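Each residue of the sequence shown is one higher than the last, beginning at 440 in our numbering. From the three backbone atoms N, C-alpha and C, an ideal C-beta is built for every residue, glycine too. Keep in mind the model is a prediction, meaning the values are calculated, not measured.
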Amino acid sequence: MTHRIPIRPAGVLVLLALLLAPSRVPAQQPFPTDSSLRATLAALVGAGRAAGVVVGLLEADGTERVVAYGTPGPGGLPLDGQSVFEIGSITKTFTGTLLADMVRRGEVAVEDPIATLLPPDVAVPTRNGKAITLLDVTTHRSGLPRMPTNFAPADPTNPYADYSERQLYAFVSNYALPRDPGAESEYSNLAMGLLGQALARRAGTSYENLVTERLLRPLGMEHTGITLTPWMREHLAHGHDALGDPTANWDIPTLAGAGALRSTTTDMLRYAAANLATADTGLLGAMHEAVRARRAFGTQGDSIGFNWIVSRPGERAITWHNGGTGGYRTFLGLDRAAGRAVVVLTNSGGTGLDDLGFHLLDPAVPLARAPVAPAVARAYGEGGVEAAIARYRTLRGTEADRWELGETQLNTVGYWLLRRARIDDAIAVFRVNVEMFPDASNPYDSLGEAYLARGDTARAITNYKRSVELNPGNTGGLEVLRRLGVQQ
């Protein structure tokens with residue numbers, strides 16, 4: 440289905456005028472030229488940080504530019520501003536904006552307990568007489584965990600597809616809050632999925648219909664949605680895992696409000712422009728309220744609005760959110776003082792390119808080192824496990840300042856091999872990781888898992904025991920040892 444702007448000429452003219460109005464802020468360092476940015480993207484893709492990437496730049500005067508580099512995946516159209524990506528948790532900002540819009544319309548209040556918007560048989564937990572409010576949820580202070588414990592996907596390549604509304608409500612009804620609602624921040628996909636369900640129920644529709652009717656159509660975001668239209672499917676940038684292999688798209692029916700949307704760079708630039716508008720009425724007024732910081736978030740001095748995070752990674756305050764699914768990593772950042780925005784969409788899992796987004800908005804933020812895992816995996820494809828290990832040792836010895844070489848890198852490669860039933864090769868990689876990080880618990884745990892996969896129980900026990908010695912809090916390792924009959 441193609442979404443079009445409703446026929447409201449006066450409203451549309453006002454909207455466009457607000458979006459394109461020049462910003463009265465001090466001039467900032469200009470964004471790089473297209474050729475300079477393309478060279479940066481080529482280096483990032485060459486280092487294995489993404490299969491493909493599309494960057495959108497929005498200037499304070501409304502000027503937009505799009506620069507793309509890399510592969511769309513097998514059979515895909517060349518990457519450009521119309522390429523479709525899963526935007527993952529950036530969806531949470533749309534859910535937060537829906538909340539702000541429903542507050543504006545008088546349909547809900549931020550102080551409302553979320554329980555009042557859910558079916559009466561859902562026993563939303565309270566603690567010390569305090570209920571979870573809508574504000575608690577959208578600022579990640581609900582007390583609910585990141586994910587429900589009854590989340591057990593039948594298909595790990597599409598993990599959310601079979602998680603049902605019944606499972607969601609059952610988990611919530613039986614969960615005991617570890618702290619009072621509003622007390623501390625803890626990022627929660629579960630809570631945001633629940634909020635999407637609650638707002639849709641209050642509006643008497645589905646989450647997909649709600650976000651389409653209230654946000655996407657009014658903003659003219661014609662190629663953004665949850666269900667892939669034929670046009671979106673044709674323009675889809677195919678996802679890749681962290682090491683560059685093609686991977687499946689994700690379907691997120693029940694927790695849609697946490698991460699189900701797909702979009703294009705062109706549409707996301709339109710969304711960014713609307714969020715930079717300073718209107719105090721209508722939808723733009725609701726968006727202005729959604730980006731406004733309300734509470735402290737995390738331990739790094741950040742704050743949060745209706746799911747919009749506000750950070751100062753360098754010299755400037757950046758309002759942002761990122762997203763990730765199995766084959767995509769995305770970023771949207773706003774410099775509200777300067778009236779500028781950056782969109783970064785990639786069709787790769789892994790660490791993403793948040794650093795590029797922050798760097799483009801504030802050059803004081805440096806680009807991160809490239810993770811070495813993709814380079815090692817590429818070497819494996821060219822020459823097997825010996826070539827992969829040799830590549831790792833060479834980069835560690837001669838280019839350590841260019842690469843992220845922490846213990847998670849070889850761990851990623853090792854599990855990549857385990858998933859392909861290359862058990863002996865995985866063991867060889869995990870053994871190098873233990874050699875490089877002899878005082879870290881996790882490499883031993885992973886090596887133990889690989890030995891178990893080979894049926895070598897004695898070596899598995901040896902490595903699990905060492906992992907637990909280094910980290911007595913490794914409950915997973917303790918459980919494996921217990922199952923193997925080893926008392927710790």
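- Over the uninterrupted beta strand (DSSP E) stretch that includes Glu604, give me the two end residues. What you label residue 604 is simply residue 165 of the sequence shown in a count that begins at 1. That residue, Glu604, is in no beta strand (DSSP E); its alpha helix (DSSP H) goes Glu604 to Ser612.
- Message: According to DSSP, Phe736 sits in a beta bridge with which residue or residues?
- Response: Counted from its first residue, the sequence shown places residue 736 at position 297. Asp741.
- Message: If you reduce the DSSP assignment to three classes, tell me which class Gly501 lands in.
- Response: Against the sequence shown, residue 501 aligns to sequence position 62. It is coil, neither helix nor strand.
- Query: For Ser475, is the classification buried or exposed, using 16 other Cβ atoms within 10 angstroms of its Cβ as the cut-off for buried?
  - Reply: By 1-based counting over the sequence shown, the position of residue 475 is 36. So Ser475 ends up on the exposed side.
- For Arg768, the nearest candidate out of Arg779, Leu795 and Glu754 (CA to CA): Numbered from 1 along the sequence shown, position 329 holds the residue referred to as residue 768. It is Leu795 whose Cα lies nearest to the Cα of Arg768.
- Query: Nearest to Pro469 by alpha carbon, out of Ala490, Leu496 and Asp519?
  - Reply: The residue you call residue 469 lines up with position 30 of the sequence shown. Ranking the options by Cα distance to Pro469, first place goes to Leu496.
- Neighbourhood of Arg890 by C-beta distance below 6 Å, restricted to the same chain and skipping five residues each side: Within the sequence shown, the letter at position 451 stands for residue 890. Note on residue identity: the sequence assigns Tyr, not Arg, to residue 890. Closer than 6 Å at the Cβ level, and outside the excluded window around Tyr890, lie Arg898 and Ala899.
- Simplified DSSP state of Asn910, which is helix, strand or coil: Here residue 910 refers to the residue found at position 471 of the sequence shown. It is coil, neither helix nor strand.
- Message: Quick check: what's the CA-CA separation for Glu546 versus Ala729?
- Response: Locating residue 546 in the sequence shown gives position 107, counting from the first residue. Locating residue 729 in the sequence shown gives position 290, counting from the first residue. Answer to the nearest angstrom: the Cα atoms are 16 Å apart.
- Message: Quick test of the definition: if touching needs 3 or more C-beta pairs under 8 Å, does the stretch 787-802 touch the stretch 724-740?
- Response: no
- Item | Closest Cα partner of Thr534 within the set Leu574, Asp774, Asp601 and Pro564 | Translated into positions along the sequence shown, residue 534 becomes position 95. Minimum Cα distance to Thr534 is reached at Leu574.
- Query: Given Leu383, which residues of its chain have a CB within under 6 Å of its CB, disregarding the five upstream and five downstream residues?
  - Reply: Within the shown structure, residues of the chain are numbered from 440 to 927, placing residue 383 beyond reach of any answer.
- Message: Let's see if you can read the secondary structure: which residues bound the beta strand (DSSP E) around Asp774?
- Response: As a working note, residue 774 is residue 335 in the sequence shown. Residues Tyr767 to Asp774.
- Message: Checking the sheet assignment: what are the DSSP bridge partners for Ile757?
- Response: Along the sequence shown, read from residue 1 onward, the residue named residue 757 stands at position 318. For Ile757, which the question treats as bridged, DSSP gives the partners Ser750.
- Message: Quick check: what's the CA-CA separation for Gly582 versus Ala697?
- Response: Mapped onto the sequence shown, residue 582 falls at position 143. Mapped onto the sequence shown, residue 697 falls at position 258. Each residue's alpha carbon lies about 16 Å from the other.
- Query: Between Tyr608 and Pro558, which are expected to be in contact by the criterion C-beta below 8 Å, what is the C-beta distance as a whole number of angstroms?
  - Reply: Working through the sequence shown from its first residue, we reach residue 608 at position 169. Working through the sequence shown from its first residue, we reach residue 558 at position 119. Tyr608 to Pro558, Cβ: 7 Å. Contact.
- Task: Work out the CA separation of Lys904 and Arg733 for me, nearest whole Å.
- Result: As a first step, residue 733 is located in the sequence shown; it is residue number 294 there, counting from the start. As a first step, residue 904 is located in the sequence shown; it is residue number 465 there, counting from the start. Rounded to the nearest angstrom, the two C-alpha atoms are 46 Å apart.
- Item | Length of the line joining the Cα atoms of Val506 and Leu917 | Position 67 of the sequence shown holds residue 506. Position 478 of the sequence shown holds residue 917. For Val506 and Leu917, the distance between alpha carbons rounds to 49 Å.
- Task: To the nearest angstrom, report how far apart Ala735 and Gln926 are at their CA atoms.
- Result: Translated into the one-based positions of the sequence shown, residue 735 becomes position 296. Translated into the one-based positions of the sequence shown, residue 926 becomes position 487. Whole-angstrom Cα-Cα distance: 43 Å.
- Pro465 versus Thr704 - alpha carbon distance: Here the question's residue 465 lines up with position 26 in the sequence shown. Here the question's residue 704 lines up with position 265 in the sequence shown. Model confidence at Pro465 stands at a pLDDT of 41, short of 50, so the residue's coordinates are unreliable; what they give is reported in the following sentence. For the pair Pro465 and Thr704, the Cα-to-Cα distance works out to about 26 Å.
- Query: Near Arg488, which residues of its chain fall below 6 Å by C-beta distance, leaving aside the five closest residues on each side in sequence?
  - Reply: As a working mapping, residue 488 is identified with position 49 in the sequence shown. Contacts found: Ala809.
- Under 7 Å between C-beta atoms of Gly788 and Gly823: The sequence position of residue 788 within the sequence shown is 349, counting from 1. The sequence position of residue 823 within the sequence shown is 384, counting from 1. Result no, Cβ atoms of Gly788 and Gly823 do not sit closer than 7 Å.
- Query: Exposed or buried, which one is Ser880 when buried takes at least 16 other CB atoms within 10 Å?
  - Reply: Your numbering for residue 880 matches position 441 in the sequence shown. With 16 or more other Cβ atoms within 10 Å, it is buried.
- Query: Is DSSP giving Ser475 helix, strand or coil here?
  - Reply: Stepping through the sequence shown from its first residue, residue 475 is reached at position 36. Ser475 carries a helical assignment under DSSP once its states are collapsed to helix, strand and coil.
- Query: Which residue's Cα is closest to the Cα of His679: Pro692, Pro513 and Gly912?
  - Reply: Start at 1 with the first residue of the sequence shown, and residue 679 comes out as number 240. The shortest C-alpha separation from His679 is found at Pro513.
- Query: Could you check where the beta strand (DSSP E) with Glu623 kicks off and where it finishes?
  - Reply: In the sequence shown, counting from the first residue as 1, residue 623 sits at position 184. It is not in any beta strand (DSSP E) - Glu623 carries neither H nor E in the DSSP assignment.
- Give the straight-line distance between the Cα atoms of Gly740 and Ile757, rounded to the nearest whole angstrom. As a position in the sequence shown, residue 740 is number 301, starting the count at 1. As a position in the sequence shown, residue 757 is number 318, starting the count at 1. C-alpha separation (whole angstroms): 13 Å.
- Query: Who are the near neighbours of Ile446 in its chain, counting only those whose CB is closer than 6 Å to its CB and skipping five residues on each side?
  - Reply: Counting from 1 along the sequence shown, the entry for residue 446 is found at position 7. Residue confidence for Ile446 is low, a pLDDT of 25 falling below 50, so the modelled location carries little weight; the figure read from the coordinates is stated next. None.
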